[in-house]
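A short worksheet on the structure shown next.
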Amino acid sequence: MAKPKQQGGTAVEQAACAPEWTDILRQMILIRRFEEASEREFRKGKIGGYLHVYIGQEAVASGIITALQPGDVVFCGYRDHAHALALGSDPNAVMAELFGKAAGVSKGKGGSMHLFDVQRGLYGGYGIVGGHLTLAAGAAYALRYQKKANIAVCYFGDGAMNIGSFHEALNMAGLWGKEGMCPALFIIENNGYAMGTSVERHSAVTDLSARMRAYNIPSEKVDGQDVLAVRGAADRLIAQIRESGKPHCIEAVTYRFSGHGAADILQPYRSKDEVEQQKSRDPIVILRQRLGEMCGLTDDDVKKMDEWATEVAAGAVKFAEESAQPDPGELFTDVVAEHGPAPVAENEIE
Amino acid sequence: MAKPKQQGGTAVEQAACAPEWTDILRQMILIRRFEEASEREFRKGKIGGYLHVYIGQEAVASGIITALQPGDVVFCGYRDHAHALALGSDPNAVMAELFGKAAGVSKGKGGSMHLFDVQRGLYGGYGIVGGHLTLAAGAAYALRYQKKANIAVCYFGDGAMNIGSFHEALNMAGLWGKEGMCPALFIIENNGYAMGTSVERHSAVTDLSARMRAYNIPSEKVDGQDVLAVRGAADRLIAQIRESGKPHCIEAVTYRFSGHGAADILQPYRSKDEVEQQKSRDPIVILRQRLGEMCGLTDDDVKKMDEWATEVAAGAVKFAEESAQPDPGELFTDVVAEHGPAPVAENEIE
Amino acid sequence: MAEKSYRDAIRDAMMEEMDRDPNVLIMGEDIGVYEGTFRITAGMLKKYGPRRVIDTPIAEAGMVGTAVGMAMLGLRPIVEMMTINFSIVAADQILNHAAKVRYFSGGQVDVPVVIRGPHGAGVQLSAQHSQSFESFYAHFPGLHVVAPGTPADAKGLLKTAIRGKDPVVFLESAALYGMKGEVPDDPDFTVPFGVSRVAREGRDVTIVSFSRMMQLSLAVADKLSRDEGIECEVIDLRTLRPLDMQPAYASVQKTHRAIVVQEQWKPFGAGAEIAASITETLFDELDAPVIRVTGEDVPMPYARNLELLATPHEQHIERAVKKVMYRE
Amino acid sequence: MAEKSYRDAIRDAMMEEMDRDPNVLIMGEDIGVYEGTFRITAGMLKKYGPRRVIDTPIAEAGMVGTAVGMAMLGLRPIVEMMTINFSIVAADQILNHAAKVRYFSGGQVDVPVVIRGPHGAGVQLSAQHSQSFESFYAHFPGLHVVAPGTPADAKGLLKTAIRGKDPVVFLESAALYGMKGEVPDDPDFTVPFGVSRVAREGRDVTIVSFSRMMQLSLAVADKLSRDEGIECEVIDLRTLRPLDMQPAYASVQKTHRAIVVQEQWKPFGAGAEIAASITETLFDELDAPVIRVTGEDVPMPYARNLELLATPHEQHIERAVKKVMYRE
Ligand SMILES: Cc1ncc(C[n+]2csc(CCOP(=O)(O)OP(=O)(O)O)c2C)c(N)n1
Ligand SMILES: Cc1ncc(C[n+]2csc(CCOP(=O)(O)OP(=O)(O)O)c2C)c(N)n1
Ligand SMILES: [Mg+2]
Ligand SMILES: [Mg+2]
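Protein chains in written order, with this note's numbering: chain A, 131 to 480; chain B, 131 to 480; chain C, 2 to 329; chain D, 2 to 329.
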């Protein structure tokens with residue numbers, strides 16, 4: 131469940147030593163350990179298909195999602211594990227989804243790219259780059275239409291900004307915003323690359339925030355490796371969006387420490403040095419240090435968190451391993467809700 | 131044939147009394163009379179399908195196209211009669227196309243929305259809003275790839291700026307422009323409306339030129355009712371584009387005096403007053419007056435032009451009326467160039 | 002029962018459902034201020050206001066995608082495509098999003114989106130504006146594909162679509178908008194998906210069709226009955242996905258002869274599925290091969306004389322009927 | 002002749018044509034610096050440089066549309082779709098522009114664009130990334146639709162596509178990229194469109210298929226021959242538009258029995274056209290109805306056990322063969 135925003139000012143206005151910050155650090159460490167575990171299981175062949183991990187970008191998921199309220203909805207791309215965990219999805223159910231098991235958040239039918247946990251506000255997990263931005267804009271309209279005080283959050287990558295559905299979604303969001311009918315927060319997860327193509331090579335304008343002006347949608351660039359900065363912007367802008375029903379954008383400048391997907395081993399598009407240098411700005415280390423300096427968080431405290439996270443991740447793997455495959459009959463469920471003759475099996479379903 | 135740019139400075143730098151300006155006025159009057167004739171023939175049922183005329187926007191076609199050189203290529207939407215005439219297409223062949231006759235520029239197979247005259251640089255005539263922008267960007271790349279000094283001109287309406295293909299085409303044009311590989315001139319025919327939807331209602335940002343910044347493509351707003359202004363900008367920018375291989379944009383602020391299409395009678399989206407007031411800025415009257423004041427063009431001169439244009443339009447109608455329908459066998463030609471069994475008729479072709 | 006045009010039946014269905022359920026809204030290009038290029042939505046903006054009758058920019062993918070998002074959150078958007086030709090600009094949103102999100106979410110969301118608009122050949126609209134996409138949409142599980150051929154079915158099927166939980170591609174025949182027919186007044190009159198009907202009884206030949214071609218088939222059936230005593234049974238499929246072939250099978254078991262009529266290109270068209278299903282199921286019952294009557298395999302030409310040659314007409318259906326009767 | 006993988010055959014075809022004709026270029030996502038997600042384009046950027054090997058933004062409509070414009074001006078662009086699933090984002094550019102501009106221009110332009118990429122089911126790529134679009138592309142006149150099932154055909158057909166004057170949708174089977182086979186060395190070796198081939202001779206049952214399912218059919222044919230003395234004749238269609246059914250007809254005249262094998266959803270799938278054509282043409286020759294072996298009519302699930310149930314396997318083909326022989 132998304133953490134309710136605390137009374138008396140935002141988390142950032144308060145002493146950054148509020149207990150919530152330790153929770154956020156713990157969450158980011160959990161995401162890291164979970165992703166490391168999922169990469170290991172992929173290498174072992176326990177996880178199939180495409181696997182895109184969030185290692186290095188944790189602050190972008192945690193900094194925004196911890197600022198949300200119950201009833202807010204989140205849409206994202208295929209790099210979606212962190213978003214589910216930040217929203218409070220059961221790590222066991224998330225890992226089970228990656229394993230394609232019945233206990234997975236999407237019943238094992240969606241997999242890594244299609245995590246859904248609607249009860250917690252996660253409306254997916256989409257695999258066509260940019261395709262989900264239109265859905266998020268529509269969801270924002272619906273929330274206002276239903277007179278709810280909630281907002282829609284839409285994460286997408288730098289590379290998604292060049293496809294038509296991005297453009298159509300943002301122009302419509304800008305138009306609806308004029309009527310106060312689009313309480314949406316768009317988050318550019320600018321990790322510098324679309325797969326192997328750098329921002330300079332895929333976007334005619336490299337200041338991605340500036341591109342939002344074409345839609346009359348204000349945008350802020352924040353340091354995506356500093357969760358305090360991300361959360362600070364989130365608290366401020368989300369309050370405005372709830373109030374005004376107008377969309378806003380945050381460009382979180384971040385970096386992906388792992389390959390684009392688990393199959394991206396060679397990474398000919400970037401140098402080892404570049405990656406190493408970027409790793410010196412690890413969002414977890416940055417927060418951990420700040421909490422150390424300002425709030426006396428000790429190595430021992432962090433060690434405990436780490437052990438807990440490692441255990442949760444290991445437990446999730448064990449749970450996923452041991453849980454059952456979907457029943458063969460599941461092949462035919464969830465195709466449509468109703469109407470007409472039920473699908474007949476072409477081939478015998480053992 | 132596009133008029134070659136004259137030696138010794140552009141037409142505008144020269145006395146605006148250069149003979150070319152009388153030619154341009156004559157051309158604009160021809161377009162006007164041709165469009166009036168085509169609307170009449172539509173009402174009579176001689177022309178079928180959709181008919182979109184250019185009345186009121188003549189300066190946007192003539193001001194740019196008269197600045198082109200042989201080998202330059204033009205792409206436009208379905209409101210394309212003026213572009214064909216400005217490029218020098220035979221009015222008889224253009225009208226014959228609207229009548230669906232074999233002597234039409236596109237053999238009667240395309241109709242009003244799909245005028246093609248490749249020999250004169252007209253690469254069409256497209257009916258899916260925004261769909262042709264990508265083609266034009268690719269054509270510009272091809273010209274540079276082939277080391278030609280030519281450019282690609284792409285006309286599109288204000289309403290076309292909200293569809294994905296616009297966005298994808300312009301970002302790619304912006305990227306290719308950095309390499310000097312996109313000698314393209316994009317022309318926004320901003321007539322204030324997409325069918326019945328005003329710019330304020332369809333575009334989150336109403337300064338359309340400003341939207342081009344998102345693609346690193348410079349754009350100028352010009353008075354689309356003043357052909358001297360349009361031609362002046364065209365001469366200057368086309369020279370730059372030829373030189374640099376970088377795309378540029380012109381937003382021509384204009385107005386459509388007729389309905390969106392010949393079926394748009396009621397026009398509930400705009401008031402009669404608005405239309406009347408806009409008609410006071412008739413591009414033909416504006417040029418005619420200037421040539422009168424500055425160059426002593428007389429009413430009699432204009433009367434002669436008018437008579438000529440009326441005759442040419444009437445002649446075109448007569449030609450189209452009398453010329454033959456396509457041969458039934460034409461149904462099966464031009465589907466593909468080659469390969470495989472020729473198509474067999476499903477139904478007897480009388 | 003009242004006499005209504007196919008156009009009014011569609012408008013009535015939408016307005017009755019908007020009156021009934023505040024979650025129903027409609028979006029599209031020029032449906033509000035302009036009142037619709039085919040005037041299907043005339044009067045709706047005035048009655049329901051701009052929040053429920055949304056004029057959109059020219060952005061079909063945006064229209065469908067935002068509608069899917071609205072639907073996932075509990076609204077029931079109707080998306081009007083000015084013509085169905087423009088829906089392929091939104092093909093990814095329809096086929097990869099609307100049609101699949103229920104499945105890959107493990108059934109966590111409903112997607113009650115209706116995508117409707119005129120399809121088929123008009124009069125000289127040429128190649129980009131004269132298409133029918135039933136076979137390509139009906140190939141995709143997760144969608145419902147509807148093609149009514151009468152005012153009553155237009156109303157009843159559209160209401161089923163709007164009240165449902167799944168994405169529906171609702172194909173209207175522009176050529177039938179003016180057609181009149183009896184339409185039940187009952188505001189809860191609906192027509193279920195996946196139930197084909199016998200549009201005309203007959204003992205000699207089964208004609209399977211839908212939408213405008215079904216009407217053309219009926220005209221031919223009457224003519225053949227009048228002039229030659231040939232009695233055709235006409236099956237109106239009404240929905241292509243789900244596809245109910247039972248009435249067609251029952252009919253063929255009686256007539257032992259069938260033809261299929263479809264407006265557009267033959268290769269990989271809807272007629273192929275129908276013909277293949279009949280043969281697969283009733284091979285031993287057939288006294289003749291199932292013949293397909295289709296349009297010519299070319300993009301739609303503009304010239305009227307060519308356009309008329311490109312689409313099937315009564316005489317082609319008539320010839321096919323006689324062919325399966327070995328009467329030519 | 003040399004042993005080549007299907008992947009290398011495709012790369013060789015492209016590189017030989019790029020060496021032969023400076024107007025040939027290739028564009029796509031991550032084909033240059035990244036060298037292609039399936040490494041089809043490995044080494045091409047280094048050899049031909051960024052003007053001829055163009056890394057594009059994620060913009061499929063932009064890729065196809067710009068390629069059409071290039072082609073109209075005399076270039077011969079090859080567009081790589083990272084997977085064919087993404088091609089429907091560009092459906093309008095392919096179906097309304099590439100496929101039709103020759104026609105509505107009255108034949109004033111050639112459009113030599115090749116749109117190629119892997120199609121079909123992979124391993125746990127789930128619903129949005131596991132599709133085959135042959136039936137929907139092959140419905141459109143103006144396109145050529147190619148689906149090679151061997152390395153030699155992959156090379157020969159791709160060269161025909163690149164040298165041609167028309168838009169081609171070139172469907173590669175990702176599952177076959179690693180498959181080895183004999184490929185002629187002759188740089189001018191091409192395989193014409195619209196010429197199906199007999200992949201295996203047999204007297205008992207005709208199996209009509211293409212791409213990966215054709216290979217699966219061959220495996221079944223060998224097994225049935227070995228184990229049960231059933232001799233299947235396997236027809237490889239190679240191109241779906243133009244569709245050459247003559248070898249299939251000739252075969253059915255010999256075997257009097259046929260099945261069709263296709264990977265994806267049955268309704269309105271490619272198998273329907275093939276089955277309907279055979280029955281239409283050879284009704285009196287058939288001793289059994291033409292049966293279609295297809296995948297299940299559901300979006301592709303992620304879970305491996307479900308995914309395996311969603312696609313056809315050897316035993317399903319085997320069962321269909323026996324069924325048309327009334328042997329079960
Ligand atoms: C329409 C479409 N084209 C191509 C792909 C293949 N693809 C998957 S992820 C990706 C790169 C996306 O980069 P970005 O948007 O920056 O997100 P990131 O992976 O960096 O988080 C591509 C090209 C796709 N999924 N959808
Ligand atoms: C993709 C698509 N959607 C809708 C249409 C229907 N349509 C034809 S013209 C038009 C308005 C275009 O307005 P604009 O681009 O401003 O050009 P103008 O007609 O004003 O010259 C619309 C909506 C279309 N042809 N293509
Ligand atoms: Mg990125
Ligand atoms: Mg306009």
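Yeah, the Cβ is synthetic: ideal placement off N, Cα and C, and Gly gets one too.
The beta carbon of Leu238(C) sits closer than 6 Å to the beta carbons of Ser197 and Phe211 from its chain, once the five residues preceding and following it are set aside; these are given in chain order.
Boundaries for Cys312(B): no alpha helix (DSSP H) harbours it, and the DSSP string shows neither H nor E there. In this structure Lys324(C) is in contact with Ile292(C), their Cβ atoms being roughly 6 Å apart against a cut-off of 8 Å. Using a Cβ-Cβ cut-off of 8 Å, Ile293(B) counts as an interface residue toward chain A, since at least one Cβ of chain A sits closer than that to its own. Collapsing the DSSP output to three states places Gly254(B) in a strand. Interface criterion not met: the Cβ of Pro313(B) is under 8 Å from no Cβ in chain C. Residue burial annotation: Tyr104(C) is buried, with at least 16 other C-beta atoms found within 10 angstroms of its C-beta.
Not one heavy atom of ligand 3 lies closer than 7 Å to the C-beta of Tyr180(B). Residue selection by CB proximity (closer than 6 Å to any heavy atom of ligand 3) returns Gly287(A), Asp288(A), Gly289(A), Asn321(A), Tyr323(A) and Ala324(A) in chain order.
Non-local C-beta neighbours of Gly186(B) in its own chain, meaning closer than 6 Å and more than five positions away in sequence, comprise Tyr385, Arg386 and Phe387, ordered along the chain. By alpha-carbon distance to Val432(A), the top candidate from Ile416(A), Ala446(A) and Ala444(A) is Ile416(A). Taking 9 Å as the Cβ-Cβ cut-off, the stretch 273–296 of chain D approaches chain A at Arg293, Val294, Thr295 and Gly296, given in chain order. The bridge partners DSSP lists for Pro78(D) are Leu26(D).
Taking 4 residues as the minimum length, the alpha helix (DSSP H) runs contained wholly in the stretch 368–412 of chain A are 402–409, in order along the chain. Phe284(C) and Asn86(C) have their C-alpha atoms spaced approximately 36 Å apart.
Within the stretch 305–325 of chain D, contact with chain A at the beta-carbon level (separation under 7 Å) is assigned to Arg305, Asn306, Leu307, Leu310, Ala311, Pro313 and His317.
Straight across, the Cα-Cα distance linking Ile371(A) with Ala364(A) is about 10 Å. Using beta-carbon distances, Arg242(D) counts as an interface residue toward chain C, with a partner under 8 Å.
Per DSSP, the beta-bridge partners of Ser174(C) are His120(C). Within 7 Å of the C-beta of Phe134(C) there is not a single heavy atom belonging to ligand 2.
By the CB criterion at 8 Å, Lys255(D) and Ala128(C) fall outside the cutoff. In summary, Thr295(D) is buried, with 16 or more beta-carbon neighbours lying within 10 Å of its beta-carbon over all protein chains present. Within the model, the alpha-carbon separation for Ala269(B) versus Tyr275(B) is close to 10 Å.
Per the coordinates, the alpha-carbon of Gly287(B) lies some 37 Å from the alpha-carbon of Leu158(C). Interface with chain C (8 Å Cβ-Cβ cutoff): Met243(B) is included. A heavy atom of ligand 2 is found nearer than 7 Å to the CB of Arg386(B). In this structure, Glu298(A) has its beta carbon at no less than 7 Å from each heavy atom of ligand 1.
Per DSSP, the continuous beta strand (DSSP E) segment holding Asp353(A) begins and ends at Ser349 to Asp353.
For the set Lys166(D), Gly37(D) and Asp154(D), the Cα lying nearest the Cα of Leu177(D) is the one of Asp154(D).
Not flagged as an interface residue toward chain C: Tyr285(A), since no C-beta distance is shorter than 8 Å.
Of the candidates Ile177(B), Ser236(B) and Gln157(B), Gln157(B) places its Cα closest to the Cα of Val190(B). Residues of chain B with a Cβ closer than 9 Å to the Cβ of Lys267(C) are, in chain order, Glu476. When C-alpha distances from Arg173(A) are compared across Ala340(A), Gly426(A) and Ile395(A), the shortest belongs to Ile395(A). If you ignore the 5 residues before and after Gly270(C), its C-beta comes within less than 8 Å of the C-beta of Ser136, Gln263, Arg293 and Thr295, all in its own chain and listed in chain order. Listed in chain order, the alpha helix (DSSP H) elements of length 4 or more contained wholly in the stretch 242–319 of chain D are 247–256, 271–283 and 305–311. Straight-line measurement puts the Cα of Met225(A) at about 10 Å from the Cα of Gly445(A).
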